[in-house]
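Going letter by letter, the sequence shown gives residues 715 to 1230 in our numbering.
Every residue, glycine too, gets a C-beta built ideally from N, C-alpha and C.
This report refers to the structure that appears directly beneath it.
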Amino acid sequence: MGCSSGWAEVQSDIDLDKRGVNLTVASEGTNTFAALGAECEAKSDAPCTLFVPARLLQGGWNDLPLQTKRRTDDPVSVRFYVGEALFSADCDVSASRLSPDPGELLYDVNCRFAEGFSGELDGVPMPGGKGTVAASRCLGDVETLEVELDRPLLRGEVPLDVVNESGGRMRHPLAVAVPAPVVQVSLDDWASPWFEKELPLRLRAEPGAKLFVNGTQIEAGDGMSVTVPVALERGMNRVRVEARRPGHAPAVHDLEVEARHPDTPLLVDQVFDGVHRTDAENLRLTGRTHPKAKLYLNGRLVDHRRGRFDVETYLEEGKNEIQLLAVVERRKGLESRPLSRWDAEVIREAVIDPRLVGAAVGESTGGRGEEVALEVVATDPWDHIDGFVRFPMRIVEIVESPSLDGSCSALIEGTACTLRAAGNVMVGWGVQRAWTCVGDEVPVVVEYDECLGAEEGDDVQVEGVVVGALGGRFRGITVDRPRLTADRVEALPRSELVPRASWPKPLPSLLAKGTR
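Here's what the structure looks like:
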């Protein structure tokens, strides 16, 4: 045995520039130290340094004994940590096939390693630093992976191991993110924003998903529809429907539901600021009401689809009172519900005959009982039963029914003018008194217990009492017409203007000027 060189100690220093470890050895006496093929000689007054390249080390903690030429007081060894800085790799990762299913997605990995290093993808060597790995090996168990609502991504790591020529290795994961498939949910029955004390919400989600309404899980079979009763407070309510599935981004629907119980909701899309003027013959109205409401337009029952309506009404020249009524019939065990009413005044621009000179509007005289304007009766006949009216009327059709006892009755259908203009009109050589309707021409049905001997086109003055409304078609349009029982019907002189083609030949211009 040789003589001892005394004590010896080692200090380690990671040298990133040389990509290895410097081992500095100090000794009491002269001695030669060696490790992994490198050696140096230390003297009592001059420490020596060994450089061990990273390609010969282990990743993580290394316990490295030093070999000595001469015996030392104690064995010489050093412990140091080798991290990712020495087991590094410069890699590019790209998706080679995009699919909503992480199990079908592949990643192409291309890495550049330091000399003496190579890589393995999921335990498979990477020739030339290239390899391919399935995304399912990067993301772990997607069935139990939770996905954040505001970041619908599945986050994972490519399992890359950096290996050196001595068998040392270190895991060098590469971060990746996959767009999370969004679980699907449909609201099969969500048509109207108005409900009473409960919203019957029908839902359906894809198989494997769990349904939640306002945070409460709903028991439902896979892929089956389920109706969820949601309690509502009067006013605006917010309802959140959510479908969740492990490994997927949830689907969220935020609903705003207005509860208006016990009122009957009625909302018209069109906005009329005051009196609405138009030259169109028809007025279209769209909007929403209660799904189970009956909807009346000027007394005529109209259809709607689960509360949504799109209706049209004919406009007479002049003023038109438009009214919508929504009524939900009272059902057993439910509180009564007041009807909702929407009114608008629409004026279809009337064309007044320019030949009328000094026209004046005629006013009706008073009569018995409460006298009601005809245009009001036309839009609200059920609210004016027993109301007394007086108006001029032009006959469209008259049916007279004589009986065996000598009596006779008449059923008169025609148009009643709510406002007339009258004046002196020059027709050919003469002047005639004529009138034209500048108000509403409302279709009416009059029952009278006498026969008039009148015919279509005649003008009559009618006084009578409102007894209701009569439905039917008038001039091709389905309308509800006011129905009256007449106390008095008086034939008026024919006042219709003579057509221009029937006028006598006019005077020469000079003579015509002299007669004015």
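Between the beta-carbon of E1114 and that of A1124 there is about 5 Å, and that keeps the pair under the 8 Å contact cut. Within the segment 770 to 807, the complete beta strand (DSSP E) segments of 3 residues or longer fall at 774 to 779 and 791 to 796, listed in chain order. Distance from the Cα of A973 is smallest, within the candidate group R1022, P914 and E920, for P914. Straight-line measurement puts the Cα of S850 at about 21 Å from the Cα of V876. The C-alpha of R869 lies about 33 Å from the C-alpha of I728. The closest CA to that of R769, considering only L730, D806, R785 and E755, is found on L730. When Cβ pairs closer than 8 Å are counted between the two stretches, the segment 891 to 898 is seen to touch the segment 919 to 930, the count reaching three or more. The DSSP-derived three-state label of C852 is helix. The beta carbons of V1060 and T978 sit about 23 Å from each other, so the pair does not count as a contact at 8 Å. Taking all protein chains shown into account, E755 has fewer than 16 neighbouring C-beta atoms within 10 Å of its C-beta and is therefore exposed. The DSSP-derived three-state label of W1096 is helix. Across the structure, G743 and S726 are spaced so that their CA atoms are roughly 20 Å apart.
Residue burial is scored here from C-beta neighbours: M840 has at least 16 other C-beta atoms within 10 angstroms and is therefore classed as buried. Taken through DSSP and simplified to helix, strand or coil, L1088 comes out as helix. Boundaries of the beta strand (DSSP E) around C754: A752 to A756.
Check the Cα spacing between H1018 and each of A752, K1006 and Y1028: the tightest is with K1006.
The beta carbon of A1092 sits closer than 6 Å to those of V1156 and P1196, all from its chain and outside the five residues before and after it, given in chain order.
Taking A1168 as reference, the option from L1039, D1201, E1127 and G1153 with the minimal CA-CA separation is E1127. Taking C-alpha positions only, G1021 is separated from S1054 by approximately 14 Å. The criterion of a C-beta distance shorter than 8 Å is not satisfied by L853 and P964.
Cβ contact annotation for R1202 (same chain, cutoff 6 Å, sequence separation greater than five): E1177, in chain order. Using a Cβ distance threshold of 8 Å, E1063 and R991 count as a contacting pair. Annotated three-state conformation of P816 is helix, per DSSP.
Fewer than three pairs of CB atoms, one per stretch, sit closer than 8 Å, so the segment 988 to 1002 makes no contact with the segment 923 to 931. By the Cβ-count criterion, A722 is buried, with 16 or more other Cβ atoms from all chains shown falling within 10 Å of its own Cβ. According to DSSP, residue pairing for P1157 in a beta bridge involves T1129.
In the displayed model, P839 falls within a strand according to three-state DSSP. For R918, the enclosing beta strand (DSSP E) covers residues E912 to A919. In the three-state reduction of the DSSP assignment, A894 falls in the coil class. Note: K844 is bridge-paired with N824 in the DSSP secondary-structure output.
Rounded to whole angstroms, the Cβ separation of F827 and G843 is 6 Å, and the two are in contact under 8 Å.
If you keep only unbroken beta strand (DSSP E) runs of at least 3 residues inside the segment 918 to 999, you get 924 to 927, 930 to 932, 940 to 945, 949 to 958, 965 to 973, 980 to 982 and 990 to 992.
Secondary-structure assignment with DSSP links C1151 through a beta bridge to R1134.
If you check the CB distance, V766 and L750 come in under 8 Å. S1123 is bridged by DSSP to S1115.
According to the DSSP assignment, A1168 belongs to no beta strand (DSSP E), since it is labelled neither H nor E.
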